[in-house]
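Enquirer:
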Amino acid sequence: MALPRVPAYMGMTTDLSHHFVEAVDQAAIASAAWRGKGDKNAADDAAVEAMRRTFDTVPFDGRVAIGEGERDEAPMLYIGEPLGSLIGQEGAPKIDIAVDPLECTNNCADNSPNSIAVLAAAPRGTLLHAPDCYMDKLATGPLLADHVALDGGATYNIEQAMHVLDCKAEDVRIVALDRERHHDLFKEIRATGAQLHLMGDGDVSGAIWAAKS
Numbered sequence: 164m165a166l167p168r169v170p171a172y173m174g175m176t177t178d179l180s181h182h183f184v185e186a187v188d189q190a191a192i193a194s195a196a197w198r199g200k201g202d203k204n205a206a207d208d209a210a211v212e213a214m215r216r217t218f219d220t221v222p223f224d225g226r227v228a229i230g231e232g233e234r235d236e237a238p239m240l241y242i243g244e245p246l247g248s249l250i251g252q253e254g255a256p257k258i259d260i261a262v263d264p265l266e267c268t269n270n271c272a273d274n275s276p277n278s279i280a281v282l283a284a285a286p287r288g289t290l291l292h293a294p295d296c297y298m299d300k301l302a303t304g305p306l307l308a309d310h311v312a313l314d315g316g317a318t319y320n321i322e323q324a325m326h327v328l329d330c331k332a333e334d335v336r337i338v339a340l341d342r343e344r345h346h347d348l349f350k351e352i353r354a355t356g357a358q359l360h361l362m363g364d365g366d367v368s369g370a371i372w373a374a375k376s
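Heads up: the sequence shown is residues 164 to 376, going by my numbering.
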């Protein structure tokens with residue numbers, strides 16, 4: 164599906180970045196109060212409420228493109244919910260957002276690492292509204308960005324990494340969620356000799372590790 168061209172107008176997402184940082188900061192602070200208390204739902208609720216409250220003061224005409232679920236499933240930050248202090252006002256920056264106020268709720272409840280607040284923002288109509296489903300995802304650092312392909316398969320991508328980084332297979336480290344549905348993927352990765360680091364939860368954190376490498 165071809166996405167529309169980004170319009171040139173005042174108030175693009177970069178002008179609002181400090182407001183978005185404040186939104187994730189408030190979500191993280193609120194959920195942190197529930198670390199190690201064994202209640203992932205309370206931690207998530209606290210993060211959602213804090214982020215939603217912060218959005219009330221952001222000077223934009225916002226809309227949730229990806230959020231906590233459909234309107235009948237989530238009281239706040241539901242898909243399609245309008246956000247901001249300039250809703251419907253002419254000239255206001257029209258922004259779509261994707262949010263997960265507390266990604267990896269189990270880890271927060273258990274006081275384990277890698278639970279984070281996540282937000283992405285883009286001009287209206289440029290974020291894909293995807294269904295709630297499993298997806299194949301691939302993240303890598305800047306050196307490999309133009310040399311790997313999601314449909315290439317694990318072996319191909321590991322070989323590409325070896326070539327570009329001039330290293331051996333055992334020097335390539337792969338991070339993946341430890342799920343039964345990934346059994347064949349794990350088998351293929353290990354057959355190449357590459358390192359495989361399994362995570363119980365938190366694939367966003369894993370993607371960030373890869374992107375920063």
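Each residue gets a CB set at the ideal place from its N, CA and C atoms; glycine is no exception. Since the structure is predicted, the reported quantities are computational estimates derived from the model, not experimental observations.
1. Please work out which residues of its chain come closer than 6 Å, Cβ to Cβ, to M164, disregarding the five sequence neighbours upstream and downstream, and give them in chain order.
2. In the DSSP assignment, the alpha helix (DSSP H) including L348 goes from what residue to what residue?
3. State the CB to CB distance for the pair A357 and I371, rounded to an integer number of angstroms; the pair is presumed to be in contact (CB under 8 Å).
4. Straight-line CA distance for H346 to R353?
5. Is it buried or exposed for N320, if we count other Cβ within 10 angstroms and need 16 for buried?
6. Please classify G201 as buried or exposed, where buried requires at least 16 other C-beta atoms within 10 Å of its C-beta.
7. Rounded to whole angstroms, what is the Cα-Cα separation between D207 and R234?
8. Tell me the rounded alpha-carbon separation between T289 and I260.
9. V281 lies in the beta strand (DSSP E); which residues open and close that run?
10. Kindly indicate which three-state DSSP category R216 falls into: helix, strand or coil?
11. Mind pulling the alpha helix (DSSP H) runs of 4 or more residues that sit fully within the stretch 199 to 270?
12. From the DSSP output, which residues share a beta bridge with A339?
13. Just to confirm my understanding: we take D263, look at its own chain, exclude 5 residues before and 5 after, and list those with CB closer than 6 Å. What are they?
14. To the nearest angstrom, how far is it from the Cα of T217 to the Cα of G247?
15. Grab the span of the alpha helix (DSSP H) containing H326 for me, first residue to last.
Expert: Checking against the coordinates, here is how it stands:
1. Because the pLDDT of M164 is 45, which lies under 50, any placement of that residue in the model is unreliable, and the number read from its coordinates should be weighed accordingly. Excluding residues within five positions, none has a Cβ falling inside 6 Å.
2. 346 to 355
3. That pair is no contact at about 20 Å.
4. 11 Å
5. buried
6. exposed
7. 17 Å
8. 10 Å
9. 279 to 286
10. helix
11. 203 to 218
12. L361
13. V281
14. 9 Å
15. 317 to 328
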